[in-house]
Amino acid sequence: MAFFLETLLGGLMSGMLYSLVALGFVLIFKASGVFNFAQGAMVLFAALAMARFSEWIPAWLGMENLFVANLLAFVVAVAIMFVVAWLIERLALRHLVNQDGATLLMATLGIAYVLDGIGQTIFGSDIYKIDVGMPKEPVMMLESVFEGGILINKEDFIAALIAALLVISLSIFFQKTATGRALRAVADDHQAAQSIGIPLDRIWVIVWCVAGITALVAGIIWGSKLGVQFSLSTIALRALPVVILGGLTSVPGAIIGGLIIGVGEKLSEVYLGPFVGGGIEIWFAYMLALVFLLFRPQGLFGEKIIDRV
Amino acid sequence: MKLRKLAVAASLAAIGLSAALTTPAFAAEEQFFPVLAYRTGAYAPNGTPWANGFVDYLKLTNARGGVNGVKMIWEECETGYATDRGVECYERLKGKHGGATAVQPLSTGITFALTEKAPVDKIPVITAGYGRSESQNGAVFGWNFPLVGTYWMGADVLVQHIGKKEGGLDKLKGKKIALVYHDSPYGKEPIALLQERARMHGFEVSLLPVAHPGVEQKATWLQIRQSKPDYVFLWGWGVMNSTSLKEAQATGYPREKMYGIWWAGAEPDVKDVGDGAKGYNALAMQHGAEPDSKVVKEVLEKLHAKGQGTGPKEEVGQVLYMRGLISSMLQVEAVRAAQGRYGKGKRITGEQMRWGLENLNLDQKALDGMGLGGVMRPVQTSCLDHMGSAWARVHTWDGKKWNFTSDWYQGDEKVLRPMVMLASGKYAEEKKIKPRTPEDCKK
Numbered sequence: 005m006a007f008f009l010e011t012l013l014g015g016l017m018s019g020m021l022y023s024l025v026a027l028g029f030v031l032i033f034k035a036s037g038v039f040n041f042a043q044g045a046m047v048l049f050a051a052l053a054m055a056r057f058s059e060w061i062p063a064w065l066g067m068e069n070l071f072v073a074n075l076l077a078f079v080v081a082v083a084i085m086f087v088v089a090w091l092i093e094r095l096a097l098r099h100l101v102n103q104d105g106a107t108l109l110m111a112t113l114g115i116a117y118v119l120d121g122i123g124q125t126i127f128g129s130d131i132y133k134i135d136v137g138m139p140k141e142p143v144m145m146l147e148s149v150f151e152g153g154i155l156i157n158k159e160d161f162i163a164a165l166i167a168a169l170l171v172i173s174l175s176i177f178f179q180k181t182a183t184g185r186a187l188r189a190v191a192d193d194h195q196a197a198q199s200i201g202i203p204l205d206r207i208w209v210i211v212w213c214v215a216g217i218t219a220l221v222a223g224i225i226w227g228s229k230l231g232v233q234f235s236l237s238t239i240a241l242r243a244l245p246v247v248i249l250g251g252l253t254s255v256p257g258a259i260i261g262g263l264i265i266g267v268g269e270k271l272s273e274v275y276l277g278p279f280v281g282g283g284i285e286i287w288f289a290y291m292l293a294l295v296f297l298l299f300r301p302q303g304l305f306g307e308k309i310i311d312r313v
Numbered sequence: 111m112k113l114r115k116l117a118v119a120a121s122l123a124a125i126g127l128s129a130a131l132t133t134p135a136f137a138a139e140e141q142f143f144p145v146l147a148y149r150t151g152a153y154a155p156n157g158t159p160w161a162n163g164f165v166d167y168l169k170l171t172n173a174r175g176g177v178n179g180v181k182m183i184w185e186e187c188e189t190g191y192a193t194d195r196g197v198e199c200y201e202r203l204k205g206k207h208g209g210a211t212a213v214q215p216l217s218t219g220i221t222f223a224l225t226e227k228a229p230v231d232k233i234p235v236i237t238a239g240y241g242r243s244e245s246q247n248g249a250v251f252g253w254n255f256p257l258v259g260t261y262w263m264g265a266d267v268l269v270q271h272i273g274k275k276e277g278g279l280d281k282l283k284g285k286k287i288a289l290v291y292h293d294s295p296y297g298k299e300p301i302a303l304l305q306e307r308a309r310m311h312g313f314e315v316s317l318l319p320v321a322h323p324g325v326e327q328k329a330t331w332l333q334i335r336q337s338k339p340d341y342v343f344l345w346g347w348g349v350m351n352s353t354s355l356k357e358a359q360a361t362g363y364p365r366e367k368m369y370g371i372w373w374a375g376a377e378p379d380v381k382d383v384g385d386g387a388k389g390y391n392a393l394a395m396q397h398g399a400e401p402d403s404k405v406v407k408e409v410l411e412k413l414h415a416k417g418q419g420t421g422p423k424e425e426v427g428q429v430l431y432m433r434g435l436i437s438s439m440l441q442v443e444a445v446r447a448a449q450g451r452y453g454k455g456k457r458i459t460g461e462q463m464r465w466g467l468e469n470l471n472l473d474q475k476a477l478d479g480m481g482l483g484g485v486m487r488p489v490q491t492s493c494l495d496h497m498g499s500a501w502a503r504v505h506t507w508d509g510k511k512w513n514f515t516s517d518w519y520q521g522d523e524k525v526l527r528p529m530v531m532l533a534s535g536k537y538a539e540e541k542k543i544k545p546r547t548p549e550d551c552k553k
């Protein structure tokens with residue numbers, strides 16, 4: 005029982021981290037109708053900026069305070085992600101207004117490759133460290149209930165809390181602010197939004213900036229866990245089944261989807277894996293998402309699209 | 111229109127001039143080596159230092175005057191550790207500059223793909239410390255050269271080492287070893303040897319595959335926490351290694367009980383983990399980090415001091431840099447051996463290179479002369495033994511650097527040879543290859 009609980013909790017915490025990346029997909033889709041394939045590349049780019057500047061700034065300024073160095077690096081990384089957002093709008097999206105979804109998807113695919121390449125060229129392709137003081141050692145809980153207790157990874161636990169906070173903030177932003185409502189209006193219909201005076205170009209820059217910050221937070225958490233290196237961009241592939249399952253337009257869907265996928269893949273690897281040679285968690289997550297789609301094609305919380313003819 | 115013609119003429123003149131400047135009128139003989147490398151992608155942190163060491167040794171050879179005056183030339187191609195791109199690189203480079211002398215894919219997957227192409231193209235495939243373990247048998251695998259070490263040999267040495275720690279191989283009875291491996295041809299290589307050793311000594315092996323690139327291992331380490339193996343063998347590459355160490359720390363598995371293969375025992379695998387990797391052990395494929403070796407000092411003096419080094423100066427002497435450098439040295443010495451038979455100062459062909467690789471004899475004097483004394487042990491290949499040396503040591507990460515923590519071990523031929531003969535025999539039967547005889551080798 006203790007082992008089952010450990011696996012379950014481990015899955016839930018991993019799931020929250022997937023949700024963090026999935027949020028980037030949802031944000032941009034919700035606000036612009038673009039399926040942003042570049043979200044993984046944005047996570048890598050943001051994490052590389054954070055890691056390298058937290059290393060360069062102390063060297064340039066001759067300082068040793070880790071907190072200040074990380075804070076300055078965070079500010080620089082945010083600024084860089086804003087510039088990236090502005091460039092994406094200026095150089096790619098502005099020219100694709102009112103194009104169909106497939107065209108926009110292909111554009112983001114191109115953006116992903118460009119960001120991957122430029123990121124590694126500017127910041128290097130080694131493994132870099134982000135040290136934000138996350139605890140690495142595990143803690144044992146419920147030792148009086150279960151023999152040996154239940155192991156909790158403190159780093160994952162804190163990361164899950166940060167992810168939850170970010171999700172709550174974004175939900176409030178979308179539901180309660182004028183900008184959030186404007187974003188949703190743009191997503192519903194570009195032309196209708198423009199006709200009532202919503203500036204499309206500015207809205208797109210804002211949403212890509214928000215997605216950039218989400219990518220930075222995800223990059224810091226994943227980078228602190230795994231080290232900052234190219235594989236971070238593949239984290240997006242872990243978040244894809246989450247958005248398939250949760251629905252592309254729902255922030256709560258990204259969370260619930262993340263939790264289901266996290267738990268599903270960990271339990272499947274531990275309990276089914278040994279019967280089929282192991283290493284199943286990646287494709288099992290997709291299979292799980294596809295099974296859900298059989299019953300709810302729009303995802304758990306996605307909006308049902310009804311076209312009247 | 112006139113302006114355009116003028117521009118075209120100027121461009122053609124510039125191309126002609128640059129060709130004239132880069133190709134001496136009386137060019138010395140040149141020996142071409144394709145460099146299949148990966149400096150981008152998931153495995154770049156490990157592939158880059160290897161490639162830098164590999165290229166630096168070719169540069170050093172030229173700085174020493176070439177091989178009897180023959181200069182080494184090379185061209186790099188990015189494989190991204192992907193088999194399809196590796197094969198594409200091979201096809202693109204194999205015929206350039208008069209033909210490739212030999213190829214080193216730095217990927218077991220690409221090695222598998224090139225194994226059937228090599229006999230057709232007559233280009234030796236050198237896989238120093240990786241590739242197919244059964245390709246040690248030169249009678250069947252006439253063009254594969256797993257020089258200095260195979261994965262079966264590596265796994266064998268690891269079992270010997272933990273056997274010694276336990277007080278004898280018989281003490282392994284009832285012990286549990288978990289193999290955490292990259293789910294690829296590379297990661298699967300040691301399984302056969304471990305199962306054979308498990309049968310011999312009565313220990314239990316559990317197999318835990320990790321999917322590419324290896325960043326998601328939580329379930330794997332929860333299984334380890336539950337089954338509590340006595341030892342964990344790590345057969346990872348790239349980010350998978352550091353992730354394993356971080357997950358071991360997060361689940362409380364002692365790093366002192368973890369042993370990596372030589373591709374899981376370099377600086378990129380541990381430096382990001384910091385103190386969390388302290389006590390972690392890995393196999394050293396003869397050499398480890400060798401910052402004080404003579405050859406490293408020579409590279410720094412003759413290349414880096416003149417701004418001609420390939421990568422950062424700080425990397426010179428690190429584990430994977432040395433692996434690349436030694437891999438390069440082995441091919442250069444094979445050229446030298448082949449020239450001894452086919453004509454000093456002459457460019458050699460792929461077929462002649464094979465002879466050179468089958469007649470490598472790097473004794474202590476030769477190693478000392480190259481500045482590799484104390485770095486590695488002598489290597490002697492033959493037509494039937496394409497490995498040439500089966501020595502390895504264990505080194506341990508102390509939080510800042512790798513230190514040797516064991517004496518030398520030699521792969522046990524009594525265990526390895528029958529396995530090599532059986533597997534290569536099966537391959538020969540399947541591919542309808544007539545094994546070479548000692549008489550064939552004399553040709």
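Protein chains in written order, with the working numbering: chain A, 5 to 313; chain B, 111 to 553.
Every residue, glycine too, gets a C-beta built ideally from N, C-alpha and C.
Using a Cβ-Cβ cut-off of 7 Å, B:K328 counts as an interface residue toward chain A, since at least one Cβ of chain A sits closer than that to its own. Residues of chain B whose Cβ lies closer than 7 Å to the Cβ of A:N74 do not exist; the shortest such Cβ separation is about 16 Å. In the same chain as A:F296, and ignoring 5 residues on each side of it, the C-beta atoms closer than 6 Å to its own belong to L249, in chain order. Shown here is that no member of the segment 187 to 201 of chain B has a Cβ falling below 9 Å from a Cβ of chain A. The continuous alpha helix (DSSP H) containing B:G434 extends over residues V429 to Y452. If you check the CB distance, B:W507 and B:A387 come in under 7 Å. Between B:P488 and B:V250, the C-beta gap is not smaller than 7 Å, which leaves the two residues out of contact.
Shown in chain order are the members of the segment 138 to 160 of chain A whose Cβ falls below 9 Å from a Cβ of chain B: K140, E141, P142, M144, L155, N157, K158, E159 and D160.
Here A:N74 has S58 and V136 as same chain residues with Cβ atoms under 7 Å from its own Cβ, once five neighbours each way along the sequence are excluded.
Within chain A, no residue has its CB atom less than 9 Å from the CB of B:Q305, the nearest being about 14 Å off. The segment 36 to 51 of chain A makes no contact with the segment 255 to 275 of chain A: fewer than 3 CB pairs, one atom from each, lie closer than 8 Å. Contact between the segment 87 to 106 of chain A and the segment 158 to 177 of chain A is not established, with fewer than three Cβ pairs separated by less than 8 Å. The Cβ of B:G362 sits closer than 7 Å to at least one Cβ of chain A. Residue contact check for A:S235 against chain B: a CB pair falls below 7 Å.
Per the Cβ contact rule, the segment 449 to 460 of chain B is not in contact with the segment 506 to 523 of chain B (fewer than 3 Cβ pairs under 8 Å). Counting only runs of 3 or more residues that sit fully inside the segment 135 to 183 of chain A, the beta strand (DSSP E) segments are 142 to 145 and 154 to 157, in chain order. With contacts defined by Cβ atoms closer than 7 Å, A:A240 and A:G44 form a contacting pair.
Annotated three-state conformation of B:E468 is helix, per DSSP. Judged by DSSP secondary structure, B:R503 falls within the beta strand (DSSP E) whose first and last residues are W501 to W507. For B:M368, there is no enclosing alpha helix (DSSP H); the residue is part of the beta strand (DSSP E) that begins and ends at M368 to G370. Per DSSP, the unbroken beta strand (DSSP E) holding B:Q141 starts and ends at E140 to A147. Pairing A:L304 with A:L16 gives a Cβ-Cβ distance that is not under 7 Å. According to DSSP, residue pairing for B:S316 in a beta bridge involves B:A288. Using a 10 angstroms sphere on the CB of B:W373, the tally of other CB atoms reaches 16 or more, which defines it as buried. Taking the Cα of B:K510 as reference, the smallest distance to any Cα among B:G273, B:E377, B:P401 and B:R527 is reached at B:E377. Chain-order list of chain A residues neighbouring B:Q336: F7, by C-beta distance under 7 Å. By the neighbour-count definition (other C-beta atoms within 10 Å, threshold 16), A:A164 is a buried residue.
Using a CB distance cut-off of 7 Å, B:Q359 counts as an interface residue toward chain A. For B:V320, the closest C-alpha among the options B:V290, B:K338, B:Q305 and B:H311 is that of B:V290. Excluding sequence positions up to five before and after A:T238, its CB lies within less than 7 Å of the CB of G44, all in the same chain and listed in chain order.
Between B:G219 and B:P300, the CB-CB gap reaches or exceeds 7 Å. Proximity of chain B to A:S18 at the Cβ level (cut-off 7 Å) is accounted for by K328, in chain order.
According to the DSSP assignment, B:K404 belongs to the alpha helix (DSSP H) that extends over K404 to K412. For B:K328, same chain residues with a beta-carbon under 7 Å away, outside a window of 5 residues either side, are E357 in chain order.
Rounded to the nearest whole angstrom, the C-alpha separation of B:R195 and A:A116 is 20 Å. Between the segment 203 to 214 of chain A and the segment 5 to 25 of chain A there are fewer than three inter-stretch CB-CB distances shorter than 8 Å, so the stretches are not counted as touching.
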